[in-house]
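In the working numbering, the protein residues as written are 195 to 587.
C-beta atoms are modelled at their ideal positions from N, C-alpha and C, and glycine is treated no differently.
Just so we're clear, the structure is a prediction, and the values are computed from it rather than from any experiment.
Here the structure comes first, spelled out in structure tokens, and everything after it is commentary.
Dropping the structure here:
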């Protein structure tokens, strides 16, 4: 065989080998990728709740009488002391000694309650003024860069809380005044002995939430007539599983979502009820749940569209780490005793063990093993291995 012929055979064989190698060479896998960055990672708990008025006043008939037609409509604004309903009470039976003593004790107790409410309102007003002055002082120090911004923000939250507590104390004082007037009217009616007209007024500034009936009719003592409240003084009640309630703390940050407006509202946990209750879930499973009360942190103008008993979702921020190395949760998977990711090195996948921290809101904190700017495979399949060729989709 001549040399040229052998050369031709050798070249042909080399071409065949190259074509076989290309045909049998594994294709690069197409994968979804993400870039490691720095940002916030938050562990949260979300549950459904509803709004409620912080203070709701149910006004009932103090005696059996005939109530006149109530002219107010639900939603109408009423002022403290404004007459909402009028009762025509028949002449009572003469008071015996026991009933008179009970009425006099009621009046004395109402006076003591009013005195205590006035003291409480005064103390709350003083605390609100102190909180306002402290917040102003810290805002000045923040502008001079003498204290941290977080300190001033906490003082601002304290100012809002103190203002709400002072307002609630004023409402309790108004209620105590109303109760005293009712007790004195009952005693005067019993001593007077004749038929009389009783005027039932709103104890606070607010709106008429509900009237239990509209037309004139006889009513029994203690029968509810109407309800009054301040719609700007809203809070949120959320029932959570008792196993989740132990992870919550008073003062914890809360985001309020899906309330019908934008952006999300903000609040803080005000109270965690000490006792739970049993609730049957949609699947028929009995669950132990606990009521958690959340106070709204923003100005009333931010949530003026909300009313009483509106549906709302609460997201409790259990823990938050800001400016930390993070990757999408879909990039992390179990590997041996720990976790790992597939990092991309050129066009190759590299199995990289990592040490993780906080997880939540779709992100996982990475304490060791990755640096910002690196790319990782998101949702790798079981066939992907260390060293495989990959192409980003």
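Secondary structure note for residue 436: its alpha helix (DSSP H) is the uninterrupted segment 436 to 439. One alpha carbon belongs to residue 237, the other to residue 425, and they sit about 32 Å apart. Going by beta carbons, residue 268 and residue 403 fall inside the 8 Å limit. Cβ-Cβ distances below 8 Å link residue 564 to 230, 519, 521, 535, 537, 546, 548 and 570 in the same chain, with the five nearest sequence neighbours on each side left out; the list follows chain order. Sequence-distant partners of residue 266 (beyond 5 residues in either direction) whose C-beta falls short of 6 Å from its own C-beta, in its chain, are 278 and 402. The Cβ atoms of residue 448 and residue 508 lie closer than 8 Å to each other. In the three-state scheme derived from DSSP, where H, G and I count as helix and E and B as strand, residue 449 is classed as strand.
Taking a C-beta distance under 8 Å as the contact criterion, residue 252 and residue 418 qualify as a contact pair. In the structure shown, residue 297 adopts helical secondary structure according to DSSP, grouped into three states. For residue 469, the three-state secondary structure derived from DSSP is strand.
When 443, 460, 354 and 498 are compared, the shortest CA-CA separation from residue 512 is found for 443.
In the displayed model, residue 553 falls within a strand according to three-state DSSP.
A direct Cα-to-Cα measurement between residue 527 and residue 499 gives close to 44 Å. Burial is judged here by how many other beta carbons sit within 10 angstroms of a residue's own beta carbon; residue 340 has fewer than 16 and is exposed.
Around the C-beta of residue 334, fewer than 16 other C-beta atoms lie within 10 Å, and the residue is accordingly described as exposed. In the structure shown, residue 283 adopts extended strand secondary structure according to DSSP, grouped into three states. Around the beta carbon of residue 574, a 10 Å sphere encloses 16 or more other beta carbons of the protein chains shown; the residue is thus reported as buried. Here residue 247 is not near residue 260, since their CB atoms are 8 Å or more apart. Closest in alpha carbon position to residue 516, among 204, 234 and 225, is 234.
With contacts defined by Cβ atoms closer than 8 Å, residue 249 and residue 370 do not form a contacting pair. A residue is called buried when at least 16 other Cβ atoms come within 10 angstroms of its Cβ; residue 482 does not meet this threshold and is exposed.
Of 463, 473 and 329, the smallest CA-CA separation from residue 491 is found for 463. Rounded to the nearest whole angstrom, the C-alpha separation of residue 568 and residue 348 is 37 Å.
Note that the stretch 305 to 314 does not touch the stretch 405 to 412; fewer than 3 beta-carbon pairs, one per stretch, sit closer than 8 Å. Contact check for residue 326 against residue 353 passes: the beta carbons are separated by less than 8 Å. Around the beta-carbon of residue 423, 16 or more other beta-carbon atoms lie within 10 Å, marking it buried.
A direct Cα-Cα distance of roughly 14 Å separates residue 368 from residue 394.
Setting aside the 5 residues that flank it on each side, residue 263 is surrounded in the same chain by 408, 409 and 410, each with a C-beta closer than 7 Å to its C-beta; the list follows chain order.
Annotation: residue 523 to residue 232 spans about 14 Å, alpha carbon to alpha carbon. With contacts defined by Cβ atoms closer than 8 Å, residue 488 and residue 559 do not form a contacting pair.
Cβ contact annotation for residue 472 (same chain, cutoff 8 Å, sequence separation greater than five): 480, 481, 482 and 483, in chain order. Around the beta-carbon of residue 257, 16 or more other beta-carbon atoms lie within 10 Å, marking it buried. Under the three-state reduction of DSSP output, residue 494 falls in the helix class.
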